Amino acid sequence: MKKAGIQYFLHICSCLLFLLFAQQATAQFTITNDFKGNGSPDIIIGNNAYLTSGVDDPVNAGWLRLTKAQGNQKGYAYINKSFPSTLGVLVDFEYTMWRTMTNAPYYGADGFSIFLFDASYGPGNFALGAYGGSLGYANSTASSPATAGLTGGYIGIGFDAYGNFVRSSEGKNGGSSNVSPNSIALRGKTTSTSASDTNTNKYLDGVTLFPDGSTADALLMSGNAQENVVDYNTPTSVRPSYGTFYRRVQVEVTPTGTGLYTIQVRWAKSQGGSFTQLLEYTTPDAPPNLLKLGFAASTGGGYNYHEIRNILVTTPGNLRVSKLANKDVLRSVAGSGSENRVTYKLEVVNDTPADLANIEVEDQLTDGEGVPIPAGMFRITGISADSNFIPGSVNLPDPTTSSPINSGNFSGVVGLPANTTGIITVTGYLDAQIPKGNLLQNTVTVRDDEITDQDLENNTSTVRTPVLAEKVDLVVHKTVDEYCLDATNGNAFTVTVANMGTLPAEYNTTSKIRVTETIPAGATMSGLSYPGWEMTQSGNVYTFTKTGSGSLGSGISLSPIKYTITRSSGYVNTAEVAFVNNSTGVVLEPVENRNNNTAEVEINSRPQAPVVSSPVYYCQGEVADPLTAGVVSGNRIYWYTAVGSAPLNNAPVPNTSSPGTVTYYVSQSDGGCESELAAIEVVVLPTPQAGSITGGEEICRNTRPGPIAGSASGTGFGTVSYRWEKADENDDNWEEIATANGATYQPDAVTDNTKYRRITVATNSAGYSCESVPTNEILITTRRCMVITNPMLPSKAKQ
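Mind the numbering: the sequence shown is residues -27 to -1, 1 to 772 in mature numbering (1 follows the signal peptide of the UniProt record, and there is no 0), read in order.
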């Protein structure tokens, strides 16, 4: 029986692996998505874009296809997860652009854009820029209706096959006067919702690229649309292989420390090859604190397939690693020659200013559930390191074909100079065995104790390669929009049947493909959609049978079955696929390929939101404590500065330097599900104004002075009251005067020189009080005024 819980589906569907490690000040993060599988709820795909896994490519060997090579297509996708820009951003991805026809006189169009935008935009308020030459990012006054630039756009980089993104046409601000094919251009931020705004999406920089690797200013020299540079212009019936046409791009945005930001674009034209810088631009425009990433592409009279894969978004300036594989699909046997062999590239990057001489490397092969594969399933026949590593620092195993590593694991140590990338090449083959889930995963982890590496999430990289079994091998995949219980709206499931065997599954009136779906007791099913299937129901068991006749090819999936389950508590949902003779009930799938015919998804109840006290009040300038929340013992607590933002590593300490209100959010996780967010409103109250007092006089000792009046009243929020204090003239040990709380104070009899002052106290409706600074001081001085009588004087007068 094949179990497919949360972790399994995160792997087998190549769903978004969103790994975040963030600190309040240092904001580290890593986001990865290979787009090889069936996507995730965090990937928002629109218009003509789709994932090719199981449709045009084998399951888990697909691409994000923004457009087909057809006229007048448009498509986009963005990752609906935000990441901080505090320390800069590094975006790494692969793309390909190709077509099956010459497409004269356009020779491929239009191109695609990659864009960074304000994370406050998403479903409900996200809007693309114009298509066509604007590539989904920039504005256009020529479209109908006129279209403003991408909402919240910070930068848009166009990989411009046709050459219109560079051009100052259709209302775009700045650029060349003519098309500039085979160019890469940078356009700036969206400044308004008006398509005719003369400041929006300005042309910032651009280069024209040539086959020999040279570049020119895109405003001064245009390229040749028929050359294989930005796109592949040789018509081909299948996607060009990595060996034929390979493009890997890195976009880096880094603060200079002087209030400016540097934007760099570079690419590599061979897998594992070195990067060449294409353009660098410095801007005074600071990025939003939180960003999101997206892509868009379009076609017109000219067209291409525009495809994206293997995205990494992370913090630059640290130790990181990436892993690449030279094959999209493997077999367990050699087949026609080497179909079970694969070469991995482990790309170790020391992006720091220090040499690192002791980088630990560990590599592990696992199956679709993330479990280490059994010994002997995969044989590692070669491990080598390139010359970029520090001489004498490489200490790695040295397997050979005759003496391979059979454990599926190896470790070692390497050293890298500062700001250097080294490549470790690993070769091996599957030895006639199929990993669970028909998926071979290879994960590399690096670490180094010589530095404090605050972004540990980019120290691990995994590449996933589907494995085809011999003959017919039906696999059932089950995904869900949310693995944590949604008792109100229900959880939406998608069940997909794929053939992960080398031979097609021929289905007809006799040979049937059936999916049996069992829902838990107490649950209701709604929103059923099952095109191409017929359904019968018996109690809580639903049976779906593929209609008609056809051939389910190798690596291809059938149309999905979709439904929503609503239940008040957590549950396990099970689906099972069978390929049977409809008359005899005999299972037609080989016995050795039946271990992946069942999929289970466990839906866990969410923990309650943390118990919080809100609002929390502080006076301006008051020393604040870290925020607190009540959580279940053993649960992990997550703090956020905004809904959808990266979690903080520690509880936030409110900034009280300025008055205002800031909302923080907190959740707890029991290891499987994260609770809803609890909001904590932190209100910093303004410092009251003290006003001033007047008075002061010299009086006889032990007499009562006149009142000390308020020449200017104190002011503040809420209810305003006063506190009076007194101290000896030469002493600063101020003593509060009980019951004195008016604007004016009448002192009692004064014996010694005494000074007085007043403090304004403002109290809000919740009873929280803040005090002003003291007023000016008033001094009451005293003197001896005793009358001494001479008793002899009256007797003398009588004489």
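Virtual Cβ for every residue (Gly too), placed ideally from N, Cα, C. Since we're looking at a predicted model, the values are computed, not measured.
If you draw a straight line from the C-alpha of residue i to the C-alpha of residue j, how long is it?
i	j	result
Y79	K300	32 Å
N703	D725	11 Å
T755	A716	24 Å
E335	T418	5 Å
T339	A307	20 Å
K9	A22	14 Å
L429	M498	42 Å
N6	L285	7 Å
G349	I4	33 Å
G144	S167	11 Å
A471	T231	55 Å
V222	S640	36 Å
T516	R487	7 Å
E507	N568	25 Å
G683	G594	26 Å
R293	R38	28 Å
F132	P213	18 Å
A270	L101	11 Å
S86	G12	20 Å
L650	E225	32 Å
N53	N570	32 Å
R220	P493	48 Å
Can you say whether residue i is buried or exposed, counting buried as having 16 or more other CB atoms within 10 angstroms of its CB?
i	result
D705	exposed
A554	Looking at the sequence provided, one finds Asn at residue 554 rather than Ala. It is exposed - the Cβ of N554 has fewer than 16 other Cβ atoms within 10 Å.
S434	buried
S169	exposed
A134	buried
I424	exposed
G395	buried
A111	buried
D204	buried
G186	exposed
N323	buried
I753	buried
Y251	The sequence as given places Leu at residue 251; Tyr does not occur at that position. Its Cβ being crowded by 16 or more others within 10 Å, L251 is buried.
L159	buried
S376	exposed
If I measure Cβ to Cβ from residue i and keep anything under 6 Å in the same chain, skipping five residues before and after, which residues do I get?
i	result
C758	C673
G645	N577
F466	V453, Y536
V436	K296, A298, N415
D643	P580, N608
G148	V139, R140, S141, Y176
G35	K9, L24, T25, S26
A92	S55, L263, L264, K265
T736	G691, T692, S742
S113	A103, S107, T120, E143, G144
What residue from the options has the CA that sits closest to residue i's CA?
i	options	result
L658	P678, E708, K409, S745	S745
P408	P345, T452, T394	P345
P452	F517, A496, I538, S524	Checking the displayed sequence, the identity of residue 452 turns out to be Thr instead of Pro. Out of F517, A496, I538, S524, I538 has the C-alpha closest to the C-alpha of T452.
I157	V202, E549, G668, A478	V202
N283	L24, E670, E67	E67
G500	N464, V639, M473	N464
G97	N11, S375, G35, T124	T124
G366	I281, A330, Q244, S380	The sequence shown places Ser at residue 366, rather than the Gly named in the question. Here the closest residue by C-alpha is A330.
V440	S532, T469, E312	E312
P533	K519, Y544, S542, S527	K519
P680	S686, S742, G669, G687	G669
K41	V28, S648, C592	V28
E562	K318, T374, T475, S375	T475
Y480	S502, T489, S522, Y503	S522
Which same chain residues end up closer than 8 Å to residue i when comparing Cβ atoms and leaving out the 5 residues on each side of it in sequence?
i	result
S309	none
Q(-5)	Per-residue confidence for Q(-5) stands at a pLDDT of 32, beneath the threshold of 50, marking its modelled position as unreliable; no derived number is given.
N172	N146, T164, S165
I653	V585, S586, S587, P588, V589, L600, A602, T636, Y637, Y638, V639
Can you check DSSP and say which residues form a bridge with residue i?
i	result
P57	L263
E549	T489, T571
F99	F99 is not bridged to any residue.
P85	Residue 85 is actually Phe in this sequence, not Pro. F132, A270.
Leaving out five residues on either side along the sequence, give the residues of the same chain with a beta carbon under 7 Å from the beta carbon of residue i.
i	result
A405	S305, V306
Y104	K47, S271
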